[in-house]
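Numbering (this note's numbering), first residue to last: 2 to 155.
Just so you know, even glycine gets a beta-carbon here, dropped at the ideal spot from N, CA and C.
The next block holds one structure in the form of structure tokens; read it before the comments.
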């Protein structure tokens with residue numbers, strides 16, 4: 002199973018990064034306010050990094066019988082299920098809206114702990130559904146004990 006940032010979102014990020022870069026160039030050529038050029042430059046760099054991450058880290062999360070593979074902009078890690086300590090959902094409520102994130106607690110080969118947090122935009126799917134899929138794939142899965150247990154729709 003694989004989860005990635007939707008292609009349309011990655012394309013939109015590249016378009017926005019190019020537009021922000023053009024904005025920076027226009028501000029520098031016109032001799033406009035340096036603070037405006039700084040803001041535009043920060044926006045261009047941020048959008049460029051987000052677009053590069055969405056392009057490079059595909060798929061963002063991959064899972065199979067052997068374990069999971071997580072990809073980021075600068076690293077890729079394959080972790081066997083025996084080194085996946087926890088798969089859980091983090092629910093937060095802000096401004097009257099609930100958001101859900103998928104948290105993965107992993108141990109590297111040297112036993113260094115790594116916390117990976119993924120949202121809907123990175124996964125291209127509802128984190129609750131991804132957590133349920135991971136619970137089924139995990140060798141120590143027991144029905145009723147998965148991350149989605151206790152949801153009203155189950």
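Residue 93: not part of any alpha helix (DSSP H); member of the beta strand (DSSP E) spanning 85-95, first to last residue. Bridge pairing for residue 81: 68 [DSSP]. Judged by pairs of C-beta atoms under 8 Å, the region 42-54 touches the region 6-24, as three or more such pairs exist. Per the Cβ contact rule, the region 22-40 is not in contact with the region 82-102 (fewer than 3 Cβ pairs under 8 Å). Under the Cβ criterion (8 Å, minimum of three pairs), the region 132-140 does not count as touching the region 108-124.
The criterion of a C-beta distance shorter than 7 Å is not satisfied by residue 61 and residue 15.
Taking 7 Å as the cut-off, the beta carbon of residue 73 is found no closer than this to the beta carbon of residue 51. The straight-line gap separating the alpha-carbon atoms of residue 99 and residue 92 is approximately 7 Å.
Residue 140 is positioned such that its CB atom lies closer than 7 Å to that of residue 82. For the 7 Å CB-CB criterion, residue 102 and residue 120 form a contact. Taking 7 Å as the cut-off, the beta carbon of residue 55 is found no closer than this to the beta carbon of residue 117. As the crow flies, the alpha-carbon of residue 39 is around 17 Å from that of residue 17.
The beta carbon of residue 64 is closer than 6 Å to those of 2, 135, 138 in its chain, skipping five residues each way along the sequence. Per DSSP, residue 101 lies in no alpha helix (DSSP H); the unbroken beta strand (DSSP E) holding it starts and ends at 98-108.
Shown here, residue 59 sits in coil according to DSSP, grouped into three states, outside any helix or strand.
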